[in-house]
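Residue numbering for the sequence shown follows the numbering used here, beginning at 1 and increasing consecutively.
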Amino acid sequence: MKVLVIGAGNMGLTYSEGMAKSPLLNRKNLMIHDVSSDLLKKLDEVSYYDTFYNLEDCVADADVIFIAVKPYHSDDLFARMKPMLNDQQIIVSLMAGVTIENIQQGLDIKKVVRTMPNLPAKVGKGVTSYTESKEVSRVELLMIRNLLDTTGQSIRVKDEDFINKSTGISGSGPAYIFYFMASMLEAAKKMGFSDNDSKVLVSNTFEGAVSLFNESDLTPEKWMDRVASKGGTTRAALDSMDDNNVKQLIQDAAYAAFNRAVELGDE
Ligand SMILES: NC(=O)c1ccc[n+]([C@@H]2O[C@H](COP(=O)([O-])OP(=O)(O)OC[C@H]3O[C@@H](n4cnc5c(N)ncnc54)[C@H](OP(=O)(O)O)[C@@H]3O)[C@@H](O)[C@H]2O)c1
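What follows is the structure in structure tokens.
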């Protein structure tokens, strides 16, 4: 199997690195195309990949083509790629808001997997939601899933509405966690901790809580009950959050991202 990644930016390179380091692809089976020749020169130094400045030199050879350009570059890219494709090739789109139908029509191709990646893929802890057009076979889908899993875990969702919903939870989600972390860091500094101590306190608290959650069967509510005793300090903090409706505000934020994803898809 030969894979081509188009767009060697944040996401394209993240998935390329994941695939290159996995046993799934041998050297010479991962190709990268980008419009920046300087970027490609730098990638040549790493030597994991075969790099291509001209689309014509790589598209026809690929069985699977990951598209990782910004959505506003897609029309131009599709127009250039369309004459080079055949109907057995599979397109895997990492682009937010570009629908399967847009891709099928833009490229005159049938087999499309649409994904919603997230940023922790950079450190092998990403979660990618994906859904596919009906022409993608089970075997092909399994192969794509294995490729996606090289950056973390993936979940198959039943339709594109759930791709937009994933945007509200996991796609945009890392920023919600950073928001919470930034708020805790500010509180720690206001209390007088140094920058470094604040960072240690906050980052270990996050990492420790996530590990506890992952290594047990307990729900977050049960963990909160374990930490918060009646009349104690944690209860005071959780009551303050409940009084200020923080849970509802976080859910509103997730819905705001979901609704925006739907709007972008309609534009
Ligand atoms: N970053 C995230 O957290 C995230 C999360 C979910 C989904 N996504 C999706 O991932 C996709 C890529 O985002 P990104 O953050 O990785 O973007 P990026 O860092 O800007 O990377 C895109 C790369 O593609 C290049 N490019 C532009 N037009 C091209 C063309 N016609 N052919 C080949 N290469 C081309 C760009 O070059 P120039 O810089 O010269 O334009 C750039 O090097 C987007 O569609 C985005 O919606 C990103």
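Quick reminder that beta carbons are idealized off the backbone N, C-alpha and C, glycines included.
Quiz item: Is A237 buried or exposed, if buried means 16 or more other CB atoms sit within 10 Å of its CB?
Solution: Counting from one through the sequence shown, the residue named residue 237 turns up at place 237. A237 is exposed by the Cβ-count criterion.
Quiz item: Quick one: complete beta strand (DSSP E) runs, 3+ long, within the region 22–97?
Solution: 30–33, 50–52, 64–67 and 90–93
Self-check item: CA-to-CA distance, Y130 to R156, given in whole angstroms
Solution: Along the sequence shown, read from residue 1 onward, the residue named residue 156 stands at position 156. Along the sequence shown, read from residue 1 onward, the residue named residue 130 stands at position 130. Distance between the alpha carbons of R156 and Y130 is about 5 Å.
Quiz item: Alpha carbon to alpha carbon, how far is Q88 from K111?
Solution: Along the sequence shown, one-based indexing puts residue 88 at 88. Along the sequence shown, one-based indexing puts residue 111 at 111. Each residue's alpha carbon lies about 7 Å from the other.
Quiz prompt | Same chain, Cβ closer than 6 Å to L201, neighbours up to 5 away in sequence not counted | solution = Walking along the sequence shown from the start, residue 201 turns up at place 201. Hits under 6 Å: A188.
Quiz item: Does the Cβ-Cβ distance between F258 and T115 come in under 8 Å?
Solution: Position 258 of the sequence shown, counted from the start, is the residue given in the question as residue 258. Position 115 of the sequence shown, counted from the start, is the residue given in the question as residue 115. Contact flag unset, no.
Quiz item: Does the pairing of the region 95–103 with the region 71–85 give three or more beta-carbon distances under 8 Å?
Solution: Per the Cβ contact rule, the region 95–103 is in contact with the region 71–85 (3 or more Cβ pairs under 8 Å).
Quiz prompt | Inter-residue Cα distance where the pair is S154 and I91 | solution = By 1-based counting over the sequence shown, the position of residue 154 is 154. By 1-based counting over the sequence shown, the position of residue 91 is 91. So the alpha carbons of these two residues sit roughly 17 Å apart.
Practice problem: Give the DSSP-derived three-state secondary structure of K169 in the structure shown. | Solution: Locating residue 169 in the sequence shown gives position 169, where the first residue counts as 1. Per the sequence presented here, residue 169 reads as Ile, with Lys not at that position. Three-state DSSP puts I169 in a helix.
Self-check item: N- and C-terminal bounds of the beta strand (DSSP E) containing K5
Solution: Translated into the one-based positions of the sequence shown, residue 5 becomes position 5. In the sequence as displayed, the identity of residue 5 is Val instead of Lys. Where V5 is concerned, the enclosing beta strand (DSSP E) stretches over V3 to I6.
Self-check item: Three-state secondary structure (DSSP) of T151
Solution: Sequence index remark: in the sequence shown, residue 151 carries index 151 (1-based). Three-state result, T151: helix.
Quiz item: Which residue or residues does DSSP assign as beta-bridge partners of Y130?
Solution: Stepping through the sequence shown from its first residue, residue 130 is reached at position 130. According to DSSP, which records beta bridges pairwise, Y130 is partnered with T115 and R156.
Self-check item: Beta-carbon proximity of V61 to T51, cut-off 8 Å
Solution: Translated into positions along the sequence shown, residue 61 becomes position 61. Translated into positions along the sequence shown, residue 51 becomes position 51. The sequence shown places Asp at residue 61, rather than the Val named in the question. Contact flag unset, no.
Quiz item: Can we say the region 157–166 touches the region 30–38, given the rule of at least three CB pairs closer than 8 Å?
Solution: As far as the Cβ criterion goes, the region 157–166 does not touch the region 30–38, which means the pair count is below three.
Self-check item: Contact set for I169: own chain, Cβ-Cβ below 7 Å, skip 5 residues either direction
Solution: Along the sequence shown, read from residue 1 onward, the residue named residue 169 stands at position 169. Only A254 meet the Cβ criterion.
Practice problem: Would you decide whether M191 is buried or exposed? Buried here means 16 or more other CB atoms lie within 10 Å of its CB. | Solution: Residue 191 sits at position 191 when you count from the first residue of the sequence shown. Residue burial is scored here from C-beta neighbours: M191 has fewer than 16 other C-beta atoms within 10 angstroms and is therefore classed as exposed.
Quiz item: Heavy atom of ligand 1 less than 7 Å from the Cβ of D38, yes or no?
Solution: As a first step, residue 38 must be located in the sequence shown, where it is residue number 38. No.
Practice problem: May I ask whether a heavy atom of ligand 2 can be found less than 7 Å away from the beta carbon of I6? | Solution: Summarising the ligand content, the structure contains ligand 1 and does not contain ligand 2.
Quiz item: So is the beta-carbon of N10 under 7 Å away from any non-hydrogen atom of ligand 1?
Solution: Taking the sequence shown and counting its residues from 1, the one referred to as residue 10 is at position 10. Indeed, a heavy atom of ligand 1 lies less than 7 Å from the Cβ.
Exercise. Measure the alpha-carbon distance for G97 versus V127 and round it to whole angstroms.
Key: As a position in the sequence shown, residue 97 is number 97, starting the count at 1. As a position in the sequence shown, residue 127 is number 127, starting the count at 1. Approximately 17 Å between the Cα atoms of the pair.
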